[in-house]
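Novice:
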Amino acid sequence: METVKEFQISRATGALLGLAAGDALGTTLEFKPKDSYTALTDMVGGGPFNLEPGQWTDDTSMMLCLADSLIEKGGMDLNDQMQRYVRWYRHGENSCNGTCFDIGMTVQTALFSYESTGNPQSGSTSHFSAGNGSLMRVAPIALFFAHDNEQQAMQAAKLSSLTTHGEERCVQACEIMTLLIHRLLNSEHIADREVFLKTTLSDYLQLSKDCHPEVRAIAECQFFSKSRESIHGTGYVVASLEAALWCFVNSDSFEDGALLAANLGDDADTTAAIFGQLAGAYYGASAIPSKWQLKLAWESQISDTAMWLLQRPTNQQVKDFVSELSVHIERQDPADIALYSMAYEHDLMVTHIDYNAPFYVNDIDAFTDFEAWLHQASFRDCICWMIRLVRTERFWDGVIESNIRNGSVTRWLNNMHRLLSLHGE
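0 is the number of the first residue of the sequence shown in numbering that gives the first Met the number 0; add one for each residue after it.
1) Could you work out which residue in Val248, Ala334, Lys225 and Asp202 is closest to aspartate 191 when comparing CA atoms only?
2) Any chance you could list the alpha helix (DSSP H) runs of at least 4 consecutive residues sitting entirely within the segment 192-266, in chain order?
3) Would you mind sorting threonine 40 into buried or exposed? The rule is 16 or more other CB atoms within 10 Å of its CB.
4) Using CA coordinates, which residue listed in Leu18, Ser115, Leu419 and Gly283 is at the minimum distance from glutamine 7?
5) Please identify the residue among Ile382, Gly275 and Leu421 whose C-alpha is closest to the C-alpha of cysteine 22.
6) Please check the pair methionine 153 and leucine 183, which I expect to be a contact at CB under 8 Å, by giving their CB distance rounded to whole angstroms.
7) Check the DSSP bridge columns for histidine 164 and list the partner residues they point to.
8) Where does the unbroken alpha helix (DSSP H) through threonine 78 begin, and where does it stop?
9) Please tell me whether asparagine 78 and proline 139 are closer than 7 Å, where the distance is taken between their beta carbons.
10) Do valine 398 and threonine 391 have their C-beta atoms within less than 7 Å of each other?
11) Check whether the Cβ atoms of tyrosine 88 and cysteine 95 lie closer than 7 Å to each other.
12) Roughly how many whole angstroms lie between the Cα atoms of glutamate 5 and serine 115?
13) So, using beta-carbon positions, are arginine 387 and tyrosine 339 closer together than 7 Å?
14) Alpha carbon to alpha carbon, how far is leucine 204 from glutamine 315? Give it in angstroms, no decimals.
15) Between which two residues does the alpha helix (DSSP H) harbouring threonine 116 extend?
16) Closer than 6 Å by C-beta to glutamine 292: which residues in its own chain qualify, once you throw out the five before and the five after it? Chain order, please.
17) For glycine 17, does the three-state DSSP call read helix, strand or coil?
18) Within a Cβ cutoff of 8 Å, which residues of the same chain sit near leucine 69, ignoring the five residues on either side of it in sequence?
19) Please identify the residue among Leu373, Asn49, Ile382 and Met81 whose C-alpha is closest to the C-alpha of aspartate 346.
20) Taking a contact to mean a Cβ-Cβ separation below 7 Å, would you say valine 137 touches methionine 81 in this structure?
21) Do the CB positions of methionine 485 and proline 52 come within less than 7 Å of each other?
22) Is the segment 258-276 in contact with the segment 155-166, if contact means three or more CB pairs nearer than 8 Å?
23) May I have the straight-line CA-CA distance separating phenylalanine 320 from phenylalanine 127, to the nearest angstrom?
24) Just tell me which of Ala305, Glu29, Ser125 and Asp34 has its CA closest to the CA of threonine 56.
25) Taking all protein chains shown into account, decide if histidine 188 is buried (16 or more other Cβ within 10 angstroms of its Cβ) or exposed.
26) Just the Cα atoms here: how many angstroms apart are glycine 17 and leucine 419?
27) Per DSSP, what kind of secondary structure is leucine 50 in: helix, strand or coil?
28) For isoleucine 230, which residues in the same chain have their Cβ closer than 6 Å to its Cβ, ignoring the five residues on either side in sequence?
29) Compute the Euclidean distance between the alpha carbons of serine 123 and threonine 2, then round it to the nearest angstrom.
30) Tell me which residues share the same chain as asparagine 361 and place their Cβ nearer than 8 Å to its Cβ, disregarding the 5 neighbours each side in the sequence.
31) Where does glycine 429 land, buried or exposed, given buried means 16+ other C-beta within 10 angstroms?
32) Starting from aspartate 41, follow the alpha helix (DSSP H) in both directions and report where the run begins and ends.
33) Going by CA-CA distance only, name the one from Gly117, Ser60, Gln300 and Gly73 that's closest to arginine 93.
34) Once the 5 residues before and after proline 333 are set aside, which same chain residues still bring their CB inside 7 Å of it?
35) Just the C-alpha distance for isoleucine 217 and valine 236, rounded to the nearest angstrom, thanks.
36) What are the start and end residues of each continuous alpha helix (DSSP H) run of 4 or more residues lying completely inside the segment 299-379, in chain order?
As structure tokens, this is what we get:
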């Protein structure tokens with residue numbers, strides 16, 4: 000994998016934090032008719048779900064479910080994505096308050112269909128089901144496929160929409176947003192907002208010549224000439240995309256644009272979340288007001304997730320590392336095993352993340368519950384453990400050898416063989 004650059008780190012983190020910040024900002028005015036309220040000027044919480052400042056809704060929960068699936072499976076697994084959405088709905092997984100709330104009817108219907116049929120492409124194709132529920136969560140696709148070409152990223156965005164939103168306008172809106180963010184992650188020097196949008200949306204039309212007329216109107220930038228009176232932050236995907244792009248081009252900062260989006264009312268949290276994923280990628284994480292980031296629920300976890308999406312080693316890289324290390328464990332003395340260099344050679348060393356993992360630097364043998372932890376550890380958890388082990392060797396010489404001798408590395412390898420078998424590797 001290519002070494003990630005600082006601008007990619009900032010923009011990737013900005014995309015996910017921007018989505019969550021927009022979501023948390025807009026929830027205050029959710030369901031309120033446009034301009035029926037005092038204009039919002041800060042992240043204050045409240046709203047129909049009486050949230051604390053910085054808490055977010057279904058937009059961010061579903062984004063995290065999608066991100067977790069990409070990280071855990073190493074690619075597009077629609078069944079896994081739907082299973083995570085179902086767990087969010089049934090058990091509150093990836094909800095900042097532990098319960099599912101604010102779920103859209105189109106999503107709910109798709110989840111019911113999946114539970115009864117097992118078909119992960121359960122999104123309705125009805126003309127009346129063109130909601131914004133797949134567009135609001137799509138940012139992780141652009142990050143995970145940042146090192147692939149634009150067409151591959153757009154195809155993944157299409158598939159991610161089909162799980163819950165199969166109508167063509169939903170699919171095409173996801174393709175557009177993914178193309179925009181993907182390009183921001185792969186172009187260090189970006190033109191001003193208008194030029195960037197015009198160029199990228201024009202390219203989309205070349206790639207999707209048969210797109211829906213309403214989507215084509217957006218890609219032709221007809222919204223550039225519209226006034227605020229003609230922009231609506233409703234749950235209709237075309238209106239949502241148009242509103243988010245209009246706010247992006249009619250503001251000079253993340254904060255101003257997010258407030259512009261949220262103050263459209265109606266589906267305010269989603270309009271601001273859609274704006275936020277694009278604007279966060281454009282301006283970078285540092286442009287999101289620090290006062291909002293300090294309030295934002297799960298801020299550290301969301302930043303961490305962005306880095307995993309951008310840098311996750313492929314399943315093949317992990318498999319090769321596990322296979323090579325297993326051979327060395329069987330044949331060599333622990334003191335002679337070059338685990339440290341092998342981890343770097345196989346691109347396991349994800350950077351800019353929390354390396355928290357369950358062993359103690361002062362007495363690594365004291366961790367007696369390692370087996371139990373491994374049994375419930377995710378792929379991400381396990382790679383984190385290895386990263387921390389390797390990094391600890393820098394200031395505590397011999398920690399790798401100690402973990403080989405006490406059997407921890409062998410237990411880790413056995414668990415990785417199990418996880419990789421679940422991935423079909």
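We treat Cβ as the ideally placed atom computed from N, Cα and C, and that holds for glycine.
Predicted model only: the values in this text are computed from it and were never measured.
Specialist: Considering the structure as presented:
1) Start at 1 with the first residue of the sequence shown, and residue 191 comes out as number 192. Cα-wise, what sits closest to aspartate 191 is Val248.
2) 192-206, 212-218, 236-248 and 253-261
3) Looking up residue 40 in the sequence shown gives position 41. Threonine 40 comes out exposed.
4) One-based indexing of the sequence shown puts residue 7 at position 8. Taking only the C-alpha atoms, the option nearest glutamine 7 is Gly283.
5) Taking the first residue of the sequence shown as position 1, residue 22 is located at position 23. Looking at the sequence itself, residue 22 is aspartate, so the reference to cysteine does not match. Among Ile382, Gly275 and Leu421, the Cα nearest to that of aspartate 22 belongs to Gly275.
6) On the sequence shown, position 154 is the one that residue 153 refers to. On the sequence shown, position 184 is the one that residue 183 refers to. About 14 Å separates the two Cβ atoms, so there is no contact after all.
7) Sequence index remark: in the sequence shown, residue 164 carries index 165 (1-based). Beta-bridge pairing links histidine 164 to Ser123.
8) For the purposes of this step, residue 78 is taken as the residue at position 79 of the sequence shown. For the sequence presented, residue 78 should be read as asparagine rather than threonine. Its alpha helix (DSSP H) spans residues 77-90.
9) In the sequence shown, the residue the question calls residue 78 occupies position 79. In the sequence shown, the residue the question calls residue 139 occupies position 140. Result no, Cβ atoms of asparagine 78 and proline 139 do not sit closer than 7 Å.
10) Here residue 398 corresponds to residue number 399 of the sequence shown, with the count starting at 1. Here residue 391 corresponds to residue number 392 of the sequence shown, with the count starting at 1. For valine 398 and threonine 391, yes; Cβs fall inside 7 Å.
11) Your numbering for residue 88 matches position 89 in the sequence shown. Your numbering for residue 95 matches position 96 in the sequence shown. Cβ atoms of tyrosine 88 and cysteine 95: not closer than 7 Å.
12) Stepping through the sequence shown from its first residue, residue 5 is reached at position 6. Stepping through the sequence shown from its first residue, residue 115 is reached at position 116. Rounded to the nearest angstrom, the two C-alpha atoms are 45 Å apart.
13) Position 388 of the sequence shown, counting from 1, holds the residue named residue 387. Position 340 of the sequence shown, counting from 1, holds the residue named residue 339. The answer is no: Cβ separation not under 7 Å.
14) Taking the first residue of the sequence shown as 1, we reach residue 315 at position 316. Taking the first residue of the sequence shown as 1, we reach residue 204 at position 205. Whole-angstrom Cα-Cα distance: 35 Å.
15) On the sequence shown, residue 116 is found 117 positions in, with the first residue counted as 1. Its alpha helix (DSSP H) spans residues 104-116.
16) For the purposes of this step, residue 292 is identified with residue 293 of the sequence shown, where counting begins at 1. Hits under 6 Å: Glu298.
17) What you label residue 17 is simply residue 18 of the sequence shown in a count that begins at 1. Note: glycine 17 maps to helix in three-state DSSP.
18) The residue you call residue 69 lines up with position 70 of the sequence shown. Excluding positions up to five away in sequence, the list reads Met75, Pro139, Ile140, Phe143, Leu308 and Arg311.
19) To locate residue 346, count along the sequence shown from 1; it is residue 347. Among Leu373, Asn49, Ile382 and Met81, the Cα nearest to that of aspartate 346 is on Ile382.
20) Locating residue 137 in the sequence shown gives position 138, where the first residue counts as 1. Locating residue 81 in the sequence shown gives position 82, where the first residue counts as 1. The answer is no: Cβ separation not under 7 Å.
21) Not covered by the structure: residue 485. The range shown for the chain is 0 to 424.
22) no
23) As a first step, residue 320 must be located in the sequence shown, where it is residue number 321. As a first step, residue 127 must be located in the sequence shown, where it is residue number 128. Looking at the two C-alpha atoms, the distance is approximately 49 Å.
24) One-based indexing of the sequence shown puts residue 56 at position 57. Answer by Cα proximity: Glu29.
25) Position 189 of the sequence shown, counting from 1, holds the residue named residue 188. Flag for histidine 188 reads exposed.
26) Taking the first residue of the sequence shown as position 1, residue 17 is located at position 18. Taking the first residue of the sequence shown as position 1, residue 419 is located at position 420. Distance between the alpha carbons of glycine 17 and leucine 419: 33 Å.
27) Start at 1 with the first residue of the sequence shown, and residue 50 comes out as number 51. Of the three classes helix, strand and coil, the one that applies to leucine 50 here is strand, per DSSP.
28) The count along the sequence shown starts at 1 and reaches residue 230 at position 231. Result list for isoleucine 230: Ala242 and Trp245, in chain order.
29) Working through the sequence shown from its first residue, we reach residue 123 at position 124. Working through the sequence shown from its first residue, we reach residue 2 at position 3. Taking the straight line joining both Cα atoms gives about 40 Å.
30) As a working mapping, residue 361 is identified with position 362 in the sequence shown. Annotation note: pLDDT 39 at asparagine 361 (below 50); position unreliable, no value reported.
31) The structure shown does not extend to residue 429, since the chain spans only 0 to 424, so no value can be given for it.
32) In the sequence shown, counting from the first residue as 1, residue 41 sits at position 42. Here aspartate 41 belongs to no alpha helix (DSSP H), and DSSP marks it neither H nor E.
33) The residue you call residue 93 lines up with position 94 of the sequence shown. Before going on, a small fix: residue 93 reads as asparagine here, not arginine. The shortest Cα separation from asparagine 93 among Gly117, Ser60, Gln300 and Gly73 belongs to Ser60.
34) Position 334 of the sequence shown, counted from the start, is the residue given in the question as residue 333. If we look at proline 333 and ignore the five residues flanking it on each side, its Cβ neighbours are Glu400, Ile403 and Arg404.
35) Here residue 217 refers to the residue found at position 218 when the sequence shown is read from its first residue. Here residue 236 refers to the residue found at position 237 when the sequence shown is read from its first residue. For isoleucine 217 and valine 236, the distance between alpha carbons rounds to 12 Å.
36) 314-330, 338-344 and 369-375
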